[in-house]
Amino acid sequence: MTAIDFRGVFPAMCTPFHQDGSIDFETLREDAQRLESAGVDGLVPVGSTGESATLSHDEHIEVVEAVIDAVDDVPVIAGSGSNNTKEALELSRRSAEAGADALLLISPYYNKPEQQGFIDHYTTLADAVDLPQIVYNVPSRTGQNIEPETAVELASHPNIRAYKAASGDMNQISEIIERTRDEDFAVLSGDDGMTLPMLSVGGTGCISVSANIEPERTCAMVGAALSGDFERARQIHHELGPLFRAMFVETNPIPVKEAMRIRGYGPAHLRSPLTRLSDEHLDHLRDVLATLETEDLEDEYAEAER
């Protein structure tokens, strides 16, 4: 099995599209290289931020292959979950064959399995595909919560190496961290605004939407926290707070794709049924991004004076 350190910042990448809806592979590769150069610890294509729900299976694998080919030295964690075990197994096997270093597996959505169903689903995938796997809990999208007892049981499987937490429930997340401290098991934030609180109780990093826009700052925040410098981490957390909130004023990845366009990182085109960011939120997003750019310049001047 591939060794991978689930510590640090792993941007949940967007999938750029041309205006006709086809995948813009040139921009995708450039974006992967931009993020690698910024110092991220890995890349996560074809998750929910990558609009995986609108991609065919072949497109899904083509995106994974393009990101792997574009980067030199960071692991690629392929989103390969589905709402049924057979389809998730096919995507996971194909992602492994394409060269992915690890898998991100959203819990089955819409059909709302019971806890035993989660255990059976994830165990089947972990038994069949010999790659490190991340269980992804995001009840707001799936309709069902993976309970702490279930997460702890899954952590005992040698291929289930991490848990992406996006439940919004810090008590639950803290309990999972507490009960898996003796396992080779990482807990990653899937909610940018909760990354620092999670790190403070033993989380190991984040799979981040905002890191697409501010990778260096996000890496600085997580790195400071992991090294114990929480004063510096808090400072950056508050600098990034307006961006964290702006990324979720509408359904992800609508705001982040608009931010990518404003920053010149890629087009804002989305596949239906998602739509462009509404005018009522666009001016605020521009203001947030402009403020971050101003703060960047101020930091550079301060550093030069030292």
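When you read off a place in the sequence shown, starting at 1, and then add 5, the result is the number in this note's numbering. Idealized CB from N, CA, C, for every residue including glycine. In this text, all values refer to a predicted model and were calculated from it rather than measured experimentally.
Exercise for the section: Quick one: give me the first and last residue of the alpha helix (DSSP H) that LYS117 is part of. Expected result: Boundaries cannot be given for LYS117, as no alpha helix (DSSP H) includes it and DSSP labels it neither H nor E.
Problem - Completely contained beta strand (DSSP E) runs for the segment 131-188, where each covers 3 or more residues - result: Taking 3 residues as the minimum length, the beta strand (DSSP E) runs contained wholly in the segment 131-188 are 138-142 and 165-170, in order along the chain.
Handout entry: Three-way DSSP call (helix, strand, coil) for HIS228 in this model
Key = Here the sequence assigns Gly to residue 228, which means His is not the residue at that position. Helix, per DSSP.
Problem - Helix, strand or coil at PRO16 [DSSP, three-state] - result: Here PRO16 sits in strand by DSSP.
Practice task
Name the one or two DSSP bridge partners that SER194 has.
Solution key: In the DSSP output, where bridge partners are listed per residue, SER194 has ALA170 and CYS211.
Practice task
Could you say which of ARG146, VAL140 and GLU152 lies nearest to PRO163 if we only look at CA atoms?
Solution key: Checked all of ARG146, VAL140 and GLU152; the closest Cα to PRO163 is VAL140.
Exercise for the section: Report buried or exposed for LYS91, applying the criterion of at least 16 other Cβ atoms within 10 angstroms of its Cβ. Expected result: LYS91 comes out exposed.
Handout entry: Reduced DSSP secondary structure (H/G/I, E/B, other) of ILE66
Key = ILE66 carries a helical assignment under DSSP once its states are collapsed to helix, strand and coil.
Exercise for the section: Could you work out which residue in VAL143, GLU188 and SER97 is closest to LYS117 when comparing CA atoms only? Expected result: Of the listed residues, the one whose Cα sits closest to LYS117 is VAL143.
Handout entry: Contact the segment 200-213 vs the segment 28-44: 3+ CB pairs below 8 Å
Key = Flag = no, the segment 200-213 and the segment 28-44 do not touch.
Handout entry: Straight-line Cα distance separating GLU244 from MET175
Key = For MET175 and GLU244, the distance between alpha carbons rounds to 22 Å.
Problem - Assigned secondary structure, LEU339 (DSSP; H/G/I helix, E/B strand, else coil) - result: Residue numbering for the chain in the displayed model covers 6 to 311; residue 339 lies beyond these limits and cannot be assessed.
Handout entry: Same chain only: Cβ atoms within 7 Å of SER179, ignoring 5 sequence neighbours per side
Key = If the five residues before and after SER179 are omitted, its C-beta is found closer than 7 Å to the C-beta atoms of VAL206, all from its own chain and listed in chain order.
Handout entry: Enclosing alpha helix (DSSP H) for ILE267 [first to last residue]
Key = Element bounds for ILE267: 259-268.
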